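Each protein sequence line maps, in turn, to chains A and B.
Numbers 1 to 102, taken from our numbering, label the letters of the first sequence in order.
Numbers 1 to 247, taken from our numbering, label the letters of the second sequence in order.
Glycine included, every Cβ here is placed at the ideal spot set by N, Cα and C.
Just so we're clear, the structure is a prediction, and the values are computed from it rather than from any experiment.
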Amino acid sequence: MNDLFIENGLPAILAASAITYIFRFGGLLLADRLPQSGPLRCFLDALPGTILISLVVPSAANAGWQGFVGVGMCLIVYFKTKNLLLTMFGGVLTVYLLRLFG
Amino acid sequence: MRNNSSRQENALHLPSLYRGAVANIPLAVSAVTYGGVLGVLSAQKGVTWAEMSAMNILMFAGSAQFVMVDMWQAPLSVLAVSMAVCIINLRYLLIGASLQSIFIGHPLWRKALFMHLVADENWAVTIAEHRKSGTNPYFLLGGGMLLLCAWSSGTLGGNLLGSFISQPEKYALDFAFTAVFAALTLSLWRGRGDIVPWGVAIVLALICEKFLPGKWYIVIGGIGGALVAASAEYYRLNRKVSKAGAL
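In structure tokens form, the structure reads like this:
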């Protein structure tokens with residue numbers, strides 16, 4: 001057992017896993033008590049988009065100007081093809097080439 | 001009769017599971033790549049395959065695993081790890097809440113079971129599918145199962161091979177995550193009404209990412225942007241009421 005886990009490794013993983021699961025399941029349970037219309041509903045409906053955009057833009061910014069060009073390429077490929085895999089390859093290839101020759 | 005309807009329900013599961021898995025293939029590809037990156041990092045930090053597997057199966061949360069691996073040092077502080085994971089994974093509270101309409105009418109045990117395999121990826125794919133043509137929890141689960149396999153093979157492969165990908169950023173593999181999430185974000189665009197909420201979210205996220213630790217920027221940007229959408233609705237309703245009063 002000692003070879004497989006460092007000191008406190010297993011308790012830390014268990015605690016982190018419990019926290020994560022409580023958030024996932026708790027969010028769903030809380031939402032069951034929420035209204036179906038009005039401002040709060042608008043808030044919940046807007047959340048997926050605002051969460052994702054908040055996740056993407058800073059990570060693109062961290063990749064520098066190549067990152068922004070890469071995201072631009074993702075935009076173009078996505079609206080041309082609506083295909084996620086092609087969009088990903090378009091973005092990665094763009095950043096790869098820009099870093100290679102930039 | 002009861003037997004018949006449950007059989008009918010069962011017949012609906014497999015196609016949904018399958019469609020959910022297929023819809024998540026592009027994300028599974030990117031999960032293998034950045035899972036591989038994490039695996040290589042984890043080998044350098046001395047994380048064992050058993051520790052990585054436990055994190056994969058019990059926690060199943062990419063960005064939190066990145067941070068935990070970064071903190072990997074004996075003896076690990078359970079409190080510090082827990083706090084970091086709280087901050088990073090707080091968004092799952094919002095993600096869980098946004099899945100409510102997909103789980104309507106489903107029993108509690110199914111909610112409790114299926115929610116474990118909710119990651120950013122299959123969540124976003126499911127929400128997009130739900131807005132397009134409606135969907136069910138099995139679609140979500142199918143994606144989650146595929147992602148668990150992809151994530152495990154990526155992280156464990158990287159962990160075993162150690163230095164196989166010595167410079168992931170040279171091949172822009174670090175950008176795979178951003179690129180695939182950029183595409184997913186675009187698929188959630190609802191129209192002009194999203195301009196201001198998304199704009200506010202971007203500004204908040206960029207500022208908070210600079211000045212706050214961990215992944216607070218995702219939570220603050222997400223909540224801030226959605227609050228803008230909610231207040232727009234609030235003013236719209238109020239104006240309607242005052243107009244009705246004037247008449």
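Supposed close pair residue i, residue j - CB separation, criterion 8 Å
i: residue 183 of chain B; j: residue 78 of chain A; result: 5 Å
i: residue 98 of chain B; j: residue 47 of chain A; result: 5 Å
i: residue 28 of chain A; j: residue 58 of chain B; result: 19 Å between Cβ atoms; not a contact.
i: residue 206 of chain B; j: residue 63 of chain A; result: Wrong, their Cβ atoms sit about 14 Å apart, outside the cutoff.
i: residue 117 of chain B; j: residue 156 of chain B; result: With 8 Å as the limit, residue 117 of chain B and residue 156 of chain B do not qualify as a contact, their Cβ atoms being about 18 Å apart.
i: residue 143 of chain B; j: residue 126 of chain B; result: 7 Å
i: residue 175 of chain B; j: residue 9 of chain A; result: Rounded, the Cβ-Cβ distance is 31 Å, inconsistent with contact.
i: residue 208 of chain B; j: residue 223 of chain B; result: The pair is not a contact, with the Cβ atoms about 11 Å apart (cut-off 8 Å).
i: residue 203 of chain B; j: residue 84 of chain A; result: Residue 203 of chain B to residue 84 of chain A, Cβ: 27 Å. No contact.
Residue environment, residue i, which counts as buried when at least 16 other CB atoms sit within 10 Å
i: residue 123 of chain B; result: buried
i: residue 3 of chain A; result: exposed
i: residue 40 of chain B; result: buried
i: residue 120 of chain B; result: buried
i: residue 44 of chain A; result: buried
i: residue 6 of chain A; result: buried
i: residue 100 of chain B; result: buried
i: residue 91 of chain B; result: buried
i: residue 226 of chain B; result: buried
i: residue 74 of chain B; result: exposed
i: residue 83 of chain B; result: exposed
i: residue 24 of chain A; result: buried
i: residue 102 of chain B; result: buried
i: residue 215 of chain B; result: buried
i: residue 92 of chain A; result: buried
i: residue 65 of chain B; result: buried
Three-state secondary structure (DSSP) of residue i
i: residue 158 of chain B; result: helix
i: residue 137 of chain B; result: helix
i: residue 7 of chain A; result: coil
i: residue 106 of chain B; result: coil
i: residue 24 of chain A; result: helix
i: residue 241 of chain B; result: helix
i: residue 77 of chain B; result: coil
i: residue 58 of chain A; result: helix
i: residue 3 of chain B; result: With a pLDDT of 46 at residue 3 of chain B, under the threshold of 50, the modelled position of this residue cannot be trusted; read the value that follows with caution. Residue 3 of chain B: helix per DSSP, three-state reduction.
i: residue 33 of chain A; result: coil
i: residue 41 of chain A; result: helix
i: residue 48 of chain B; result: coil
i: residue 24 of chain B; result: coil
i: residue 83 of chain A; result: coil
i: residue 253 of chain B; result: Chain B is shown from 1 up to 247; residue 253 of chain B falls before or after that span and cannot be answered.
i: residue 175 of chain B; result: helix
Any chain D beta carbon closer than 8 Å to residue i
i: residue 87 of chain B; result: Protein chains in the displayed structure are A and B, and chain D is not among them.
Chain B contacts from the segment 47-60 of chain A (Cβ-Cβ distance under 7 Å):
Result list: 47, 48, 49, 50, 51, 52, 53, 54, 55, 56, 57, 58, 59 and 60.
Which residues, in order along the segment 26-38 of chain A, keep a beta-carbon less than 8 Å from a beta-carbon of chain B?
Within the segment 26-38 of chain A, the residues whose Cβ lies closer than 8 Å to some Cβ of chain B are 26, 27, 28, 29, 30, 31, 32, 34 and 38, listed in chain order.
Please list the residues of the segment 29-49 of chain B that have a C-beta atom closer than 7 Å to any C-beta atom in chain A, keeping them in chain order.
Of all residues in the segment 29-49 of chain B, the ones placed with a Cβ closer than 7 Å to any Cβ belonging to chain A are 29, 30 and 48, in chain order.
Relative to chain A, which residues along the segment 214-230 of chain B have a C-beta separation below 7 Å, given in chain order?
Look at the segment 214-230 of chain B: the residues with a C-beta under 7 Å from a C-beta of chain A are 217, 218, 221, 222, 225, 226, 227, 229 and 230.
Quick one, which residues of the segment 142-167 of chain B are near chain A if we go by CB-CB under 7 Å, in chain order?
Those would be none; no residue qualifies.
For the segment 187-198 of chain B, which residues have a beta carbon sitting closer than 8 Å to at least one beta carbon of chain A?
Here the close residues are 187, 188, 189, 190, 194, 197 and 198.
Using a Cβ-Cβ cut-off of less than 9 Å, give me the residues of the segment 73-98 of chain A that come near chain B, in sequence order.
For the segment 73-98 of chain A, which is checked against every Cβ of chain B, the residues closer than 9 Å are 73, 74, 75, 77, 78, 79, 82, 83, 84, 85, 86, 87, 88, 89, 90, 91, 92, 93, 94, 95, 96, 97 and 98.
Where the segment 57-72 of chain B meets chain A: residues whose CB sits under 8 Å from a CB there
Residues are counted here when their Cβ sits less than 8 Å from a Cβ of chain A; for the segment 57-72 of chain B these are 58, 59, 60, 61, 64, 68 and 72, given in chain order.
Quick one: which residues of the segment 89-115 of chain B get their C-beta closer than 7 Å to a C-beta of chain A? List them in chain order.
Taking 7 Å as the Cβ-Cβ cut-off against chain A, the residues of the segment 89-115 of chain B that qualify are 89, 90, 91, 92, 93, 94, 95, 96, 97, 98, 99, 100, 103, 111, 112 and 115.
Contact residues within the segment 73-84 of chain B, judged by C-beta distance below 9 Å to chain A:
When CB distances to chain A are screened at a threshold of 9 Å, the residues of the segment 73-84 of chain B falling below it are 73, 74, 75, 76, 77, 78, 79, 80, 81, 82 and 84, in chain order.
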